[in-house]
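Residue numbers (the UniProt record's numbering), protein chains in the order written: chain A, 1 to 176; chain B, 1 to 103.
We put the CB at the ideal spot given by N, CA and C, even for glycine.
Below: the structure, in structure tokens.
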Amino acid sequence: MKSLNRLGIALAGLMLTTGLGVAAETAKLTDPQIAHIAYTADNVDIEAAKLALKTSKTKAVQDFAENMIRDHEAVNKQALALVAKLKVTPEDNPTSQALTKQAAATQAHLATLKGAAFDKAYVDNEVAYHHAVNGALETTLIPATQSAELKDLLTTGLKIFKGHEEHARMVAGKLK
Amino acid sequence: MLALVGGLLLPGVFLPVAASAETITVKVSKLAFVPASVTAKIGDTIEWANADFVDHTATATDKAFDVKLPAGKTGSVTLSQAGTFPYFCRVHPMMKGTIAVTE
Ligand SMILES: [Cu+2]
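Encoded structure:
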């Protein structure tokens, strides 16, 4: 159990250092890149939730996963409508690529687990993942955003994801 | 007579609504209940209007009510007992509010 917890924390650290952190250091992110990162981060969580719906037998975990899919899809719908309105084309970038790569590794690991071990690994990762994404939004992505409307959407997104982080912590507490 | 016609069927409770019963609206916007604290009387209705693009809930900490608030929609509860009811959103638990109900 301890090693699984470390995995979640390691992933969060990895994301900040190799992904979001470096990208922020090396080049100022543009709005098309930020939109792409936000969309990618949403999809990562949706995919993890879909795996949880297939794998978990625990109601609290199932409910949480359903909430994640619904909320992240709602945010993505808003984001797509906004980029269309602003005529911004989301642009792939090293941060998005790092997120996708790390997500694939997490999914592969989660796919090997069942039962209580899966529940714990999934929920711990949700805590760590939302925490990392929220940190990146707050310190890097939102301050770098030029468009006022995109900034506004990301700010609302941050509040939503802070809710998810707290919800994930509550579910993690119940699993113990 | 009107008061009886307007009675509301609650789970296991037939509650006559007083002629003076009010509807108190709480706005749900940007992941917050506004105002977060309201006072009401027995028989009053609390109506939450969700202006956000994500679904929320208004869930009493003591499970006295659990109202779904879909994005862009409203949800309500009619108050049948006195007391102070803290509530939160199950999806975003940092969203908190309180209803103080008097006789
Ligand atoms: Cu909510």
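Cutoff 7 Å: residue i Cβ touching any chain A Cβ
i                : result
Phe53 of chain B : yes
Val34 of chain B : no
Val28 of chain B : no
His92 of chain B : yes
Rounded C-alpha distance that separates residue i from residue j
i                 : j                 : result
Tyr122 of chain A : Lys30 of chain B  : 28 Å
Pro93 of chain B  : Ala132 of chain A : 19 Å
Ala35 of chain A  : Ile42 of chain B  : 48 Å
Ala148 of chain A : Lys101 of chain A : 30 Å
Lys68 of chain B  : Ala136 of chain A : 31 Å
Leu175 of chain A : Ala74 of chain A  : 28 Å
Ala172 of chain A : Phe118 of chain A : 12 Å
Ile46 of chain A  : Leu86 of chain A  : 25 Å
Residue-chain proximity (residue i, chain B), Cβ-Cβ < 7 Å
i                 : result
Glu25 of chain A  : Any reading at Glu25 of chain A must be qualified, since the residue scores a pLDDT of 48, below 50, and its modelled position is unreliable; no value is offered.
Ala74 of chain A  : yes
Asp152 of chain A : no
Asn67 of chain A  : yes
Asp31 of chain A  : no
Lys176 of chain A : no
Asp45 of chain A  : no
Residue i and residue j closer than 7 Å at C-beta
i                : j                : result
Phe85 of chain B : Ala60 of chain B : yes
Pro35 of chain B : Asp55 of chain B : no
Ala65 of chain A : Ala81 of chain A : no
Sequence-distant residues of its chain with Cβ nearer than 7 Å to residue i (five each side left out)
i                 : result
Arg169 of chain A : Val127
Thr40 of chain A  : Ser96, Leu99 and Thr100
Pro32 of chain A  : Val88, Thr89, Pro90 and Glu91
Residues near residue i by beta carbon distance below 8 Å, same chain, minus five either side
i                 : result
Asn134 of chain A : Leu158, Phe161, Lys162 and Glu165
Glu103 of chain B : Lys41, Ile42 and Ala82
Chain-order list of residues whose beta-carbon lies under 6 Å from that of residue i (same chain, five-residue window excluded)
i                : result
Glu47 of chain B : Thr23, Thr25, Thr74 and Ser76
- Query: What residues from the stretch 64 to 89 of chain B come within 8 Å of chain A, judged by C-beta to C-beta, listed N to C?
  - Reply: Result list: Ala71 and Cys89.
- Can you list, in chain order, the residues of the stretch 154 to 174 of chain A whose Cβ is nearer than 8 Å to any Cβ on chain B? Within the stretch 154 to 174 of chain A, contact with chain B at the beta-carbon level (separation under 8 Å) is assigned to Thr156, Lys159, Ile160, Lys162, Gly163, His164, Glu166, His167 and Met170.
- Query: Name the residues in the stretch 110 to 134 of chain A whose C-beta lies less than 8 Å from a C-beta of chain B; which are they?
  - Reply: Listed by position, the residues of the stretch 110 to 134 of chain A near chain B (Cβ gap below 8 Å) amount to none.
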